[in-house]
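Take a look at the structure set out below.
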Amino acid sequence: MVSIRTPPGADDNWVDTPSEEFNVTRVHETAVVSPDARLGVNVSIGAFSVIEAGTTLDDDCQIASHVVIKSGTSLGVNCEVAEGAVLGGRPQHLQAGNEVGRVDIGDHNVIREYVTIHRALEPASVTQIGQHNLLMANSHVGHDCDLGDHIIVANNVMIAGHVVVDDCVYIAGAAGIHQFCRIGQYAMVGGQAHVTQDVPPFVMLDGITTKIVGLNQVGLRRSGFSPADLSDLKAAYRVVYREGLTWNETLAKLSKQFPDGPASEFYEFLVSSQRGVVQERRTPRAATVRFPTNRIQRAVDLETRKAG
Numbered sequence: 000m001v002s003i004r005t006p007p008g009a010d011d012n013w014v015d016t017p018s019e020e021f022n023v024t025r026v027h028e029t030a031v032v033s034p035d036a037r038l039g040v041n042v043s044i045g046a047f048s049v050i051e052a053g054t055t056l057d058d059d060c061q062i063a064s065h066v067v068i069k070s071g072t073s074l075g076v077n078c079e080v081a082e083g084a085v086l087g088g089r090p091q092h093l094q095a096g097n098e099v100g101r102v103d104i105g106d107h108n109v110i111r112e113y114v115t116i117h118r119a120l121e122p123a124s125v126t127q128i129g130q131h132n133l134l135m136a137n138s139h140v141g142h143d144c145d146l147g148d149h150i151i152v153a154n155n156v157m158i159a160g161h162v163v164v165d166d167c168v169y170i171a172g173a174a175g176i177h178q179f180c181r182i183g184q185y186a187m188v189g190g191q192a193h194v195t196q197d198v199p200p201f202v203m204l205d206g207i208t209t210k211i212v213g214l215n216q217v218g219l220r221r222s223g224f225s226p227a228d229l230s231d232l233k234a235a236y237r238v239v240y241r242e243g244l245t246w247n248e249t250l251a252k253l254s255k256q257f258p259d260g261p262a263s264e265f266y267e268f269l270v271s272s273q274r275g276v277v278q279e280r281r282t283p284r285a286a287t288v289r290f291p292t293n294r295i296q297r298a299v300d301l302e303t304r305k306a307g
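Residue 7 in numbering that gives the first Met the number 0 is what sits at position 8 of the sequence shown, and the numbering runs on without skipping anything.
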């Protein structure tokens with residue numbers, strides 16, 4: 000980049016840093032940007048933000064006020080970081096040494112207010128965030144996590160270290176994900192869930208019981224899965240959760256019955272699971288008596304007359 004200058008007529012609170020392409024990077028005068036930070040073209044850095052040495056902000060990144068982007072952090076093209084976010088903090092681990100890893104954030108991510116993302120524990124390791132993700136306010140991504148693409152992480156979600164979140168996952172508010180867990184693609188994790196085992200792909204997890212309650216059918220339809228794919232996914236789900244097979248029998252049947260297509264992901268996920276998978280929620284088949292509303296009202300009137 001060329002040296003900082005203030006062009007005629009510019010806002011007095013901003014300094015502009017022209018690049019060789021003549022697109023202007025705007026840095027608020029109260030922001031602190033290390034000369035060793037690498038800024039792309041058309042980058043905006045708001046008031047009181049801190050951009051440390053050894054960071055990279057690619058083209059069209061928009062950094063709001065009071066953001067801290069710490070050493071060892073890189074952002075891809077067209078990322079938006081809202082107020083108060085801290086990216087690249089040291090891992091919250093008692094064995095973290097003086098040298099720790101990096102945070103690599105891909106293109107087109109939206110990181111909202113007060114999000115925290117921590118660097119990897121080992122110098123050669125990376126906390127990875129893919130592309131086109133939305134991390135809502137106050138969510139946390141721990142060290143050594145690997146998040147894919149098109150993921151939505153809602154407010155106050157806590158993702159512990161070494162967690163893997165596959166593509167197109169939705170994690171609802173205040174859910175907690177235990178270390179080393181994996182969330183399979185297109186899964187939906189309910190609010191306030193406390194996930195301590197792997198969540199298979201394509202399923203929906205109830206936040207209160209932290210149990211599987213079926214396929215994420217609404218999400219799958221919205222994502223364009225064909226009726227044939229949905230039928231195969233339902234059949235694979237039944238093999239895993241409804242047929243009462245042993246683990247080896249389940250794997251064998253999945254491998255034979257679904258050699259390809261989306262349903263084959265069940266086998267690939269289960270065979271690589273290190274923590275076991277979340278079980279299905281089961282409800283006893285209890286009979287329920289439902290009285291008509293007018294009958295209930297007549298009973299209430301009768302009790303009222305007796306009391307009078």
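Cβ atoms here follow ideal geometry from the backbone N, Cα and C, with glycine treated the same way.
query                                                                                                                                                        : result
Contact defined as beta carbons within less than 8 Å: I believe Gly129 pairs with Gly105. What is the distance between those atoms, to the nearest angstrom? : 5 Å
I'd like to check one pair, Val102 with Gly83: are the Cβ atoms closer than 8 Å?                                                                             : no
Starting from the Cα of His142, find the closest Cα among Leu250, His107, Phe179, Asp148 and give me that residue.                                           : Phe179
Using a 10 Å radius around the Cβ and a threshold of 16 neighbouring Cβ atoms, would you call Asn97 buried or exposed?                                       : exposed
Report the residue from Val40, Met187, Glu248, Ser64 whose alpha carbon sits nearest the alpha carbon of Thr29.                                              : Ser64
Here's the rule I'm using: 16 or more other beta-carbon atoms within 10 Å means buried, otherwise exposed. How should Leu93 be labelled?                     : exposed
Can you tell me which of the three DSSP states Thr54 falls into?                                                                                             : coil
Can you name, in chain order, every residue of its own chain whose Cβ lies under 7 Å from the Cβ of Leu214, other than the five neighbours on each side?     : Phe201, Val202, Met203, Leu232, Lys233, Tyr236
Output the distance between the C-alpha atoms of Gln278 and Trp246, rounded to the nearest integer angstrom.                                                 : 13 Å
Can the beta-carbon of Asn137 be found less than 8 Å from the beta-carbon of Ile150?                                                                         : no
Report all residues from its chain with a CB closer than 6 Å to the CB of Gly175; omit the five preceding and five following residues, and keep chain order. : Met157, His193
Considering just the uninterrupted stretch of the alpha helix (DSSP H) at Leu120, what are its terminal residues?                                            : No alpha helix (DSSP H) contains Leu120, which DSSP labels as neither H nor E.
Which residues bound the beta strand (DSSP E) around Asp259?                                                                                                 : Element bounds for Asp259: n/a, residue is neither H nor E.
Can Met135 and Val152 be called in contact, C-beta distance under 8 Å?                                                                                       : yes
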